[in-house]
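Accompanying notes for the structure given below.
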Amino acid sequence: MGKRGIGAKLLRSSLYTLANIRTKPSYKKEEATGELSGYPRVIHVNQPTVVPEDTSAPIFCSNYVSTTKYTFYNFLPIALFEQFNRVANFYFLVAAGLTFTDYAPFEWPSQVVPLALVVGFSLAKEMYEDLQRNWQDKAANCRKSTVHIGNGVFDSKQWREVCVGDIVKVKKDEFFPADLLLLQSSYEDGMSYVETMNLDGETNLKVKRALQNLSFPIVDDDKSSHFKDFKATIRCENPNSNLYTFTGNLEYDGHIHPLEPAQLLLRDSKLRNTEFVFGVAVFTGNDTKVMQNTTQSPSKRSKIELQMDKIIYLLFGLLIFISIVSASGFGLFVRNMVPFWWYLMPDVPGEDFDINNFLISGLRHLVTALMLYGYLVPISLYVSIEAVKILQARFINNDLHLYDEVTGVPANARTSNLNEQLGQVDTILSDKTGTLTCNQMDFLKCSIAGCPYGKRLSEVELAAAKQIAAQLESNDAESSSDDAASLEAITINDDGNVNKKETIKGFSFQDDRLQNGNWLKEPNADVILLFFRILAVCHTAIPEVNEKTGELTYEAESPDEGAFLVAAREFGFHFIKRTQNSVVVRERLSKDQEPVEKEYNILTLLDFTSKRKRMSVIVRDETGQILMFCKGADTIIFDRLASNGKMYLESTTKHLNDYGDAGMRTLALAYKKLEESEYSNWAEKFHKAQIASGPNREELLEELSDSMERELTLVGSTAVEDKLQKGVPECIDRLALAGLKIWVLTGDKMETAINIGFSCSLLRQGMKQICIVVDAEMLAESGKNVIKENILTQITNAAQMIQNKKDTRNSPFALIIEGKTLTYALEDDLKFQFLNLAVNCASVICCRVSPKQKALVVRLVKEGTGRTTLGIGDGANDVGMIKEADIGIGISGVEGMQAVMASDFSIAQFRFLERLLIVHGHWCYKRISKMICYFFYKNITLALTLFYFEAETGFSGQMHYDDWYMLLYNVFLTSCPVLALGVLEKDICAEFCLQFPALYQQGPKNLFFDWYRIIGWLANGVYASFVIYLVNLKIFSPESFRKEGQTADMYVIGTAMFTSIIWVVNVQIFLISHYLTRVQLHTIWGSIVVWYLIVYIYGMMPVKWSSGNIYHQLTEVLGPAHKFYLSTVFVTLLCNLPYLIHISYQRCYNPEDHHVLQEMKNLRKDVTDRKMWKSEQDKARQETEIGLSARVDAKMRNMKGRMTRKYSSLAVRSS
């Protein structure tokens, strides 16, 4: 393949993200035998018949993978065990079994059928979800791959047939069947491009490279004869879950070649921009890294569900209590009354009672009573809630107001278990970069050779200018002229707002001194040239040609790198090409000069890691000079400067502080010249460390890297702006008005985080900042106890200061703490003091925190306050926080999809959180709360009528309802209205939710599912059951109710009572519904109509199909009787009258917030009386110290104070 073709393919590639190390010398086996020990996994490449010498060596697992929860044989046992592990389901299982005995008060279908339907629905759901996983596994295991079968011939095999040691050929756009060690690619230099979206969610491409010393010939077909006799041995690490590490050695032809992550192709990643690759399988099946990373997310349950369990236990207690009462009553009847009932032949012992042993009779009846009153516990509650939550999640997913038109990403409820929890959030813990900000960097300013460049203002500087302008407007008249001049200077100096040119993505820099080649006229042009070359060369990006426009764009590991390369291009240093060992830059030193291509040979690249906080590249330029370019965090670079390399340190430090104050992200740039001998000696040590396999390998590599990255010369610094996402300040303001607390957890330095806090209104002027920081000197020199004592003193003093300050609203506090200090503050003996301080502050910002610290902070807030926490982030470093929080929100950002994959809900932008919580969260909380309360109400209404009839009939265990009526009650007759209520109910519309955000506090305060309301609903059920039973009994017994003079039997009274129950519970749900759609109306009134149809059809069936005197009951017995209809109407009115009185009184004299809003909306006060409407809006705001509204309130207070003082002074003068 010609070089021209390689260059063209490289230009069409996407992203170079791994270290570029020069071609490494191999070591002879006898020189490196000491290095082979320590790698436990031995793989014989292309030798499937070789048996390891150590017979105790583990057998490698197959490449078959399974992610299913069940198998064909264990599905029923495990699934049924999980279902009946629930107390309610287990109770109904036992009750269903007892229906086949003589103790049962009803026929078996009335218990078995509902239980079968409920459990069957849950099993069907489990089976469907597991079949989905099984189909995915089957599709993956049966994928075709091309495997070497011997004699240089490759043939097609299924993925599950691939074994460790097989040589596999993968073609373009195919997935890797196992973790492969890259041996050869279609490029002459062994490079290949891989997409790892399925692993880490990142859309950018990674570059992998083959070992350069194997020297395989280029082939274009499946008959690769050079693999016929290829034999090698791989010694590597054991399977593990770390996607970014791999160590080992490959022994081939008497030489040892070190292995690293750049040669490992991970299963389920895809080959891109490369025609084919050959690799050897090193990890298969469950040993692959993707399978090692498949961990289940922690099980989360909402607080309402947990409280619902308590109500279930309460009902079980009530069930046991009335069953004991019933059994005791039956025992007393057997002892005291039955002996006088001669017609029952009491002297003959029977199965139902024995007058000689009334205790045994009572215990037998206890079993009957436990089954009879089982309707107290709603058997279909869990299934109904699950169905409602699934439908609620569909509404969230389909909400167009949560759809981002720019990216085309909708909201996604990844779990439906926590819908109502969205309405109970107390504290939001948010990442900053990519969550509050765009994570799309703009190169805005720089400092080169101690001179600052860049005139355009950042968003934080613009916000500061607006604050100054607001202050100037409120100043006294005598200083107005000077202040106006200052304000004019601030505004005019913002070149970014005047005569803007067409914006370039990633480049908002404006300064004619550096642009258009004018930098050559600057006094330090040689340093500026070096600065531009560092930007163009020190990176891991690759260029990519846009097929539509033909323009060259860059795919980089981070947005910062992309911004640097765009800046270098605009300054005349155009990075155009990358190979495995070189970078080509097209340099144009002046506007009139033709560009010149310069190639820099890459000798070694030291990667950027979160621990190192820097990256370096060692290159040889066209003159043969070896240079090391380094960029990284300022504190890291400054510590590594040579004594003669600090010429610009003081001025650069000042500029970095200014950039940090302006809310920008900064990096320092430095370089170092190397002699050939110096580099050769170091490179040899570095390579030996790379092929080492001992436990100190990583430490040795870090030590050698650190030794090279010393004695640097400072060149300058960069400042890029990470702009706030659209709508973030407004969203934070609305959330604050809703009463939510917002914490920011970021890895940025303190100055940047503080200024972002100002720009998004988490901080404001007049807010007292409490900074808990331990200086570097104390951290380095003092012991742990001394440091913790210092932190405790700071926390105690800050807490005392807050306590002494009475009016915290006029002068609120903000807590700011740094990561190293937070490490000690989160320890057991300090964490609760830290939490007490934090919850008393208006806002909390944690800086320089690690992913683990984010999760620990969330856990502390969750467990320490007992309130609902919400974690939101967009990157892999936010996964721990998202999983730890009660609700995890992932943002589909540019940092990949790992946060989304770990989340409970995902959104495209932070601003959508406002609607997700204040609208959908509020609705779901109200719906689920009302639905559960109503569920218990309707079951108590039915079950207690059985108890009353029991007491009336001497606790005989007789039931006056037909078995089929009982069966249909929960499953069919009352299920549809409650489902419609749970899915469609709205107390107020979405617009009102957003205009009156304080209404959200009904959820965190749990006003609609507290014990007061729950007990009220239970009492309502007790009252309704008593009225239904007593009124129907008095109407139908003992007088005749038909023209012919017949009296009502047990089944007539039972049907009349059941009709009253259907009417009462359906009218009740009609009364509590605020938003009546056609669906709800049809389900409510349809349920009543269906009840009459059931009674009619059931009565027309043959007598042998019914359990009692039901034949023609509606048409011949109840239908012609006026008392039947009068009793239904009277009982319905009487049962719902208390609720009508209560709600009428409440709306008139003690209305809740949503009552007021409903009436205002119905009376159209938003149109007819705007003054009243505005007044109510002002009332419906939680008092808050953060957000735009808090800034406005503070401003108004300042203005009123100035006016008061001004008038007071005028009054004194006049007097």
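In the working numbering, the protein residues as written are 372 to 1586. Where is the CB? At the ideal position from N, CA and C, for every residue including glycine.
If residue i and residue j are in contact, beta carbons under 8 angstroms, what's the gap, nearest whole angstrom?
{"i": "V416", "j": "V651", "result": "5 angstroms"}
{"i": "L1193", "j": "C1217", "result": "6 angstroms"}
{"i": "V908", "j": "F1000", "result": "6 angstroms"}
{"i": "L554", "j": "F587", "result": "7 angstroms"}
{"i": "N434", "j": "G656", "result": "5 angstroms"}
{"i": "D1275", "j": "I1258", "result": "6 angstroms"}
{"i": "N505", "j": "T439", "result": "5 angstroms"}
{"i": "K515", "j": "E646", "result": "Not really, about 18 angstroms apart at Cβ, beyond 8 angstroms."}
{"i": "K1139", "j": "F1184", "result": "5 angstroms"}
{"i": "K1225", "j": "G1251", "result": "6 angstroms"}
Of all the options the options, which has the alpha carbon lying nearest to the alpha carbon of residue i?
{"i": "F701", "options": "L690, S732, L469, P710", "result": "S732"}
{"i": "G1353", "options": "P1509, L488, S755", "result": "S755"}
{"i": "V1220", "options": "F935, V1229, A549, L1163", "result": "V1229"}
{"i": "N1207", "options": "G1237, L685, K1223, Q1224", "result": "G1237"}
{"i": "P1409", "options": "A1107, I947, V1423, P914", "result": "V1423"}
{"i": "F601", "options": "S640, G536, P610", "result": "G536"}
{"i": "E791", "options": "I997, I675, K826", "result": "I675"}
{"i": "L906", "options": "V988, W530, L891", "result": "V988"}
{"i": "N522", "options": "F598, N505, E500, F547", "result": "F598"}
{"i": "L1315", "options": "L686, L1186, T786, T950", "result": "L686"}
{"i": "A1039", "options": "D1005, Y1019, E1069", "result": "D1005"}
{"i": "S801", "options": "E1101, G1154, Q1174, L1284", "result": "L1284"}
{"i": "A633", "options": "F1009, T920, Q1061", "result": "Q1061"}
{"i": "M1035", "options": "E646, C809, N1248", "result": "C809"}
{"i": "R827", "options": "S1515, T874, S1327", "result": "T874"}
{"i": "D680", "options": "V738, N460, C607", "result": "N460"}
In this structure, does DSSP put residue i in helix, strand or coil?
{"i": "C336", "result": "Residue 336 is absent from the structure shown; the chain starts at 372 and stops at 1586."}
{"i": "K674", "result": "helix"}
{"i": "T804", "result": "coil"}
{"i": "H1445", "result": "coil"}
{"i": "H597", "result": "helix"}
{"i": "P1100", "result": "helix"}
{"i": "H319", "result": "Given a span of 372 to 1586 for the chain in the structure shown, any question on residue 319 remains unanswerable."}
{"i": "E791", "result": "helix"}
{"i": "D470", "result": "A small fix is needed here, since residue 470 is Thr in this sequence, not Asp. If DSSP states are grouped into helix, strand and coil, T470 belongs with coil."}
{"i": "A1107", "result": "helix"}
{"i": "V1354", "result": "helix"}
{"i": "A1636", "result": "Absent from the model: residue 1636. The displayed extent of the chain is 372 to 1586, so no value can be given."}
{"i": "F461", "result": "helix"}
{"i": "A1090", "result": "strand"}
What residues match up with residue i in a beta bridge as DSSP calls it?
{"i": "D550", "result": "F654"}
{"i": "K577", "result": "V565"}
{"i": "F525", "result": "H519"}
{"i": "H415", "result": "T604"}
{"i": "N620", "result": "R606, P629"}
{"i": "P894", "result": "None; P894 has no bridge partner."}
{"i": "C1001", "result": "S987, A1041"}
{"i": "W1114", "result": "L800, V1215"}
{"i": "F338", "result": "Residue 338 lies beyond the stretch modelled for the chain, which goes from 372 to 1586, so this question has no answer here."}
{"i": "F878", "result": "F814, I875"}
_Three Cβ pairs or more, each shorter than 8 angstroms: is that satisfied between the segment 647-663 and the segment 523-537?_
yes
*Count the CB pairs spanning the segment 819-826 and the segment 684-704 that are closer than 8 angstroms, and state whether there are at least three.*
no
*Would you call the segment 1331-1346 and the segment 1459-1474 touching, i.e. three or more CB-CB distances under 8 angstroms?*
These segments touch.
*Does the segment 474-485 come close enough to the segment 738-755 that 3 or more CB-CB pairs lie under 8 angstroms?*
yes
*How about the segment 1194-1204 and the segment 1097-1110: do they share at least three Cβ pairs that are nearer than 8 angstroms?*
no
*Count the CB pairs spanning the segment 758-766 and the segment 1347-1365 that are closer than 8 angstroms, and state whether there are at least three.*
yes
*asked:* Could you check whether the segment 1074-1086 touches the segment 1008-1018, counting it as contact only if at least three pairs of C-beta atoms, one from each stretch, sit closer than 8 angstroms?
replied: yes
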